[in-house]
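Quick notes on the structure that follows.
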Amino acid sequence: MERTLKKTVSLRQMKLLLEFLEKNRNLALGRLRSKEGRALSKKLWAECADILNVENVGSSFRTGREWAKFYTDYKARLNNKVRAMKNNETTAATGAEIELTTLETRLCNILGYNIKDLLTAKANPLSTTREMKKESSRSLRPKKARRRKSSTTSDSSINSAKETLERIEESRIEVDKLKAEGLFKIAESIAQMSEAQNRIAASMENLGAGVWQLIQRFSCQEGKPWGNR
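Okay, so the sequence shown: first residue is 1 according to full-length UniProt numbering, each after it adds one.
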(Lines of atoms letter the chains of each structure in order from A and count residues from 1; the text may use other names and numbers.)
(Lines give C-alpha, C1' and ligand atoms only; values in the text may rest on other atoms or scores of the structure.)
Protein backbone atom coordinates (compact mmCIF):
# COMPACT_ATOMS: atom_id res chain seq x y z
CA MET A 1 0.00 0.00 0.00
CA GLU A 2 1.39 3.36 -1.02
CA ARG A 3 1.54 5.76 1.87
CA THR A 4 0.18 9.23 1.26
CA LEU A 5 1.49 12.31 3.04
CA LYS A 6 -1.99 13.73 3.50
CA LYS A 7 -3.24 13.87 7.07
CA THR A 8 -6.90 14.64 6.36
CA VAL A 9 -9.21 12.16 8.05
CA SER A 10 -12.15 11.22 5.85
CA LEU A 11 -15.74 10.85 7.01
CA ARG A 12 -15.52 7.13 6.29
CA GLN A 13 -12.44 6.80 8.48
CA MET A 14 -14.18 8.68 11.32
CA LYS A 15 -17.17 6.34 11.12
CA LEU A 16 -14.91 3.28 11.14
CA LEU A 17 -12.96 4.71 14.09
CA LEU A 18 -16.16 5.23 16.12
CA GLU A 19 -17.39 1.74 15.23
CA PHE A 20 -14.11 0.32 16.51
CA LEU A 21 -14.33 2.34 19.74
CA GLU A 22 -17.93 1.23 20.29
CA LYS A 23 -16.69 -2.36 20.22
CA ASN A 24 -13.72 -1.54 22.49
CA ARG A 25 -15.15 0.85 25.10
CA ASN A 26 -12.31 0.31 27.57
CA LEU A 27 -9.94 1.59 24.91
CA ALA A 28 -12.20 4.59 24.22
CA LEU A 29 -12.48 5.41 27.93
CA GLY A 30 -8.73 5.11 28.54
CA ARG A 31 -9.03 2.27 31.05
CA LEU A 32 -6.19 0.13 29.69
CA ARG A 33 -3.45 1.55 31.93
CA SER A 34 -1.88 -1.52 33.54
CA LYS A 35 1.13 -3.25 32.01
CA GLU A 36 -1.11 -5.81 30.35
CA GLY A 37 -3.61 -3.08 29.49
CA ARG A 38 -0.99 -0.99 27.69
CA ALA A 39 0.07 -4.01 25.66
CA LEU A 40 -3.57 -4.67 24.75
CA SER A 41 -4.07 -0.99 23.90
CA LYS A 42 -1.09 -1.07 21.52
CA LYS A 43 -2.44 -4.20 19.86
CA LEU A 44 -5.95 -2.74 19.47
CA TRP A 45 -4.67 0.50 17.96
CA ALA A 46 -2.60 -1.51 15.48
CA GLU A 47 -5.76 -3.39 14.49
CA CYS A 48 -7.65 -0.12 14.23
CA ALA A 49 -4.93 1.34 11.99
CA ASP A 50 -5.20 -1.65 9.65
CA ILE A 51 -8.94 -1.01 9.32
CA LEU A 52 -8.69 2.76 8.84
CA ASN A 53 -5.70 2.74 6.50
CA VAL A 54 -7.62 0.65 3.97
CA GLU A 55 -9.66 3.83 3.39
CA ASN A 56 -6.59 6.03 2.90
CA VAL A 57 -7.20 6.94 -0.75
CA GLY A 58 -7.01 10.75 -0.73
CA SER A 59 -7.10 10.77 3.08
CA SER A 60 -5.00 9.90 6.11
CA PHE A 61 -2.56 7.00 6.50
CA ARG A 62 -1.33 6.66 10.11
CA THR A 63 0.29 4.13 12.38
CA GLY A 64 -1.57 2.75 15.37
CA ARG A 65 0.25 5.21 17.63
CA GLU A 66 -0.67 8.13 15.36
CA TRP A 67 -4.32 7.12 15.31
CA ALA A 68 -4.27 6.91 19.11
CA LYS A 69 -2.85 10.45 19.21
CA PHE A 70 -5.50 11.66 16.77
CA TYR A 71 -8.26 10.16 18.94
CA THR A 72 -6.81 11.70 22.13
CA ASP A 73 -6.76 15.16 20.51
CA TYR A 74 -10.25 14.72 19.06
CA LYS A 75 -11.64 13.63 22.44
CA ALA A 76 -9.95 16.61 24.16
CA ARG A 77 -11.60 19.02 21.70
CA LEU A 78 -14.95 17.34 22.30
CA ASN A 79 -14.52 17.65 26.09
CA ASN A 80 -13.84 21.38 25.71
CA LYS A 81 -16.94 21.72 23.55
CA VAL A 82 -19.08 19.82 26.03
CA ARG A 83 -17.77 21.98 28.86
CA ALA A 84 -18.64 25.13 26.90
CA MET A 85 -22.14 23.81 26.24
CA LYS A 86 -22.58 23.05 29.94
CA ASN A 87 -21.68 26.67 30.69
CA ASN A 88 -24.06 27.89 27.96
CA GLU A 89 -21.22 29.60 26.11
CA THR A 90 -21.27 30.68 22.44
CA THR A 91 -18.67 30.55 19.69
CA ALA A 92 -16.04 33.28 19.97
CA ALA A 93 -16.11 34.10 16.26
CA THR A 94 -19.85 34.47 15.56
CA GLY A 95 -21.52 34.27 18.95
CA ALA A 96 -23.66 31.40 17.72
CA GLU A 97 -24.75 28.55 19.93
CA ILE A 98 -22.33 25.64 20.19
CA GLU A 99 -23.75 22.47 18.72
CA LEU A 100 -22.52 18.89 18.45
CA THR A 101 -22.07 17.18 15.11
CA THR A 102 -23.46 13.71 14.48
CA LEU A 103 -20.02 12.17 14.97
CA GLU A 104 -19.45 14.15 18.19
CA THR A 105 -22.84 13.05 19.51
CA ARG A 106 -21.92 9.46 18.75
CA LEU A 107 -18.64 9.78 20.63
CA CYS A 108 -20.50 11.37 23.58
CA ASN A 109 -22.63 8.25 23.76
CA ILE A 110 -19.49 6.08 23.72
CA LEU A 111 -17.94 8.14 26.54
CA GLY A 112 -21.18 8.06 28.54
CA TYR A 113 -22.01 11.78 28.44
CA ASN A 114 -25.67 12.63 29.01
CA ILE A 115 -26.80 14.42 25.83
CA LYS A 116 -30.13 15.31 27.42
CA ASP A 117 -28.34 17.35 30.12
CA LEU A 118 -26.41 19.23 27.43
CA LEU A 119 -29.61 20.19 25.62
CA THR A 120 -31.20 21.25 28.92
CA ALA A 121 -28.20 23.47 29.70
CA LYS A 122 -28.52 25.16 26.27
CA ALA A 123 -32.21 25.86 26.87
CA ASN A 124 -31.58 27.41 30.31
CA PRO A 125 -29.75 30.79 30.15
CA LEU A 126 -29.26 30.76 33.94
CA SER A 127 -26.97 27.75 33.68
CA THR A 128 -23.94 30.06 33.72
CA THR A 129 -24.33 30.73 37.43
CA ARG A 130 -21.58 29.56 39.73
CA GLU A 131 -23.66 26.70 41.10
CA MET A 132 -24.53 25.44 37.64
CA LYS A 133 -20.88 25.67 36.59
CA LYS A 134 -19.87 23.49 39.53
CA GLU A 135 -22.59 21.01 38.69
CA SER A 136 -21.62 20.96 35.02
CA SER A 137 -17.99 20.32 35.92
CA ARG A 138 -19.02 17.33 38.02
CA SER A 139 -21.36 16.12 35.28
CA LEU A 140 -18.54 15.93 32.77
CA ARG A 141 -17.52 12.63 34.26
CA PRO A 142 -19.40 9.88 32.36
CA LYS A 143 -22.37 8.72 34.44
CA LYS A 144 -22.65 5.46 32.58
CA ALA A 145 -19.03 4.72 33.31
CA ARG A 146 -19.63 5.10 37.07
CA ARG A 147 -22.65 2.83 36.94
CA ARG A 148 -20.71 0.39 34.88
CA LYS A 149 -17.93 0.37 37.47
CA SER A 150 -20.44 -0.46 40.23
CA SER A 151 -22.01 -3.08 38.02
CA THR A 152 -18.57 -4.48 37.24
CA THR A 153 -17.80 -4.77 40.97
CA SER A 154 -21.09 -6.56 41.57
CA ASP A 155 -20.54 -8.85 38.59
CA SER A 156 -17.02 -9.57 39.83
CA SER A 157 -18.37 -10.63 43.25
CA ILE A 158 -21.00 -12.85 41.62
CA ASN A 159 -18.43 -14.40 39.28
CA SER A 160 -16.08 -15.00 42.22
CA ALA A 161 -18.86 -16.76 44.15
CA LYS A 162 -19.72 -18.84 41.10
CA GLU A 163 -16.09 -19.81 40.63
CA THR A 164 -15.88 -20.86 44.31
CA LEU A 165 -19.01 -23.01 44.00
CA GLU A 166 -17.68 -24.52 40.78
CA ARG A 167 -14.38 -25.39 42.49
CA ILE A 168 -16.27 -26.99 45.41
CA GLU A 169 -18.42 -28.98 43.00
CA GLU A 170 -15.35 -30.08 41.05
CA SER A 171 -13.67 -31.18 44.29
CA ARG A 172 -16.78 -33.12 45.32
CA ILE A 173 -16.94 -34.84 41.94
CA GLU A 174 -13.24 -35.69 42.16
CA VAL A 175 -13.71 -37.18 45.66
CA ASP A 176 -16.68 -39.23 44.46
CA LYS A 177 -14.63 -40.38 41.50
CA LEU A 178 -11.75 -41.44 43.78
CA LYS A 179 -14.20 -43.27 46.06
CA ALA A 180 -15.72 -45.08 43.10
CA GLU A 181 -12.28 -46.00 41.79
CA GLY A 182 -11.28 -47.24 45.24
CA LEU A 183 -14.42 -49.42 45.58
CA PHE A 184 -13.89 -50.74 42.08
CA LYS A 185 -10.31 -51.69 42.90
CA ILE A 186 -11.43 -53.40 46.12
CA ALA A 187 -14.12 -55.35 44.24
CA GLU A 188 -11.57 -56.25 41.60
CA SER A 189 -9.13 -57.45 44.27
CA ILE A 190 -11.84 -59.57 45.92
CA ALA A 191 -12.73 -61.10 42.56
CA GLN A 192 -9.07 -61.86 41.90
CA MET A 193 -8.72 -63.45 45.35
CA SER A 194 -11.84 -65.54 44.77
CA GLU A 195 -10.54 -66.65 41.39
CA ALA A 196 -7.19 -67.54 42.96
CA GLN A 197 -8.94 -69.61 45.65
CA ASN A 198 -10.92 -71.41 42.97
CA ARG A 199 -7.72 -72.15 41.08
CA ILE A 200 -6.08 -73.45 44.29
CA ALA A 201 -9.11 -75.64 45.04
CA ALA A 202 -9.07 -76.99 41.51
CA SER A 203 -5.33 -77.66 41.78
CA MET A 204 -5.81 -79.45 45.11
CA GLU A 205 -8.57 -81.56 43.58
CA ASN A 206 -6.38 -82.43 40.62
CA LEU A 207 -3.51 -83.21 42.95
CA GLY A 208 -5.68 -85.52 45.06
CA ALA A 209 -6.89 -87.34 41.96
CA GLY A 210 -3.31 -87.72 40.78
CA VAL A 211 -2.21 -89.14 44.13
CA TRP A 212 -5.06 -91.62 44.15
CA GLN A 213 -4.16 -92.79 40.66
CA LEU A 214 -0.56 -93.31 41.75
CA ILE A 215 -1.71 -95.36 44.75
CA GLN A 216 -3.96 -97.50 42.56
CA ARG A 217 -1.15 -98.05 40.05
CA PHE A 218 1.28 -99.00 42.83
CA SER A 219 -1.25 -101.49 44.23
CA CYS A 220 -1.62 -103.17 40.89
CA GLN A 221 2.10 -103.59 40.59
CA GLU A 222 2.22 -105.33 43.99
CA GLY A 223 -0.55 -107.72 42.94
CA LYS A 224 -3.04 -106.70 45.55
CA PRO A 225 -5.53 -103.96 45.53
CA TRP A 226 -4.73 -101.23 47.98
CA GLY A 227 -7.95 -101.75 49.81
CA ASN A 228 -7.28 -105.50 50.58
CA ARG A 229 -4.04 -104.92 52.44
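By construction, the Cβ of each residue, glycine as well, lies at the ideal position given by its N, Cα and C atoms.
Three-state secondary structure (DSSP) of residue i
{"i": "Glu205", "result": "helix"}
{"i": "Glu188", "result": "helix"}
{"i": "Glu89", "result": "coil"}
{"i": "Glu97", "result": "strand"}
{"i": "Tyr74", "result": "helix"}
{"i": "Thr102", "result": "helix"}
{"i": "Phe61", "result": "coil"}
{"i": "Met217", "result": "The sequence shown places Arg at residue 217, not Met. In the structure shown, Arg217 sits in a helix (DSSP, three-state: H, G or I)."}
{"i": "Gly210", "result": "helix"}
{"i": "Asn56", "result": "coil"}
{"i": "Met14", "result": "helix"}
Which listed residue (the options) has its alpha carbon closest to that of residue i
{"i": "Asn56", "options": "Thr8, Asn87, Lys42 and Ala161", "result": "Thr8"}
{"i": "Ser41", "options": "Met14, Gly30 and Lys75", "result": "Gly30"}
{"i": "Gly37", "options": "Ala46, Glu47 and Asn26", "result": "Asn26"}
{"i": "Arg83", "options": "Asn24, Ile115 and Glu181", "result": "Ile115"}
{"i": "Met85", "options": "Ile173, Ile190, Leu100 and Thr72", "result": "Leu100"}
{"i": "Phe20", "options": "Gly58, Ser34, Arg33 and Ala68", "result": "Ala68"}
{"i": "Cys108", "options": "Lys81, Asn88 and Glu66", "result": "Lys81"}
{"i": "Gly112", "options": "Ala96, Lys75, Glu89 and Glu97", "result": "Lys75"}
Span of the alpha helix (DSSP H), counted from its first residue to its last, around residue i
{"i": "residue 234", "result": "There is simply no residue 234 to check, as the chain begins at 1 and stops at 229 in what is shown."}
{"i": "Lys7", "result": "Element bounds for Lys7: n/a, residue is neither H nor E."}
{"i": "Asn26", "result": "Arg25 to Ala28"}
Integer-rounded CB distance, given that residue j should sit under 8 angstroms from residue i
{"i": "Leu44", "j": "Asn24", "result": "6 angstroms"}
{"i": "Arg62", "j": "Phe70", "result": "7 angstroms"}
{"i": "Ala46", "j": "Gly64", "result": "4 angstroms"}
* To do: Report yes or no: do three or more beta-carbon pairs, one from the segment 41–53 and one from the segment 9–17, lie closer than 8 angstroms?
  => yes
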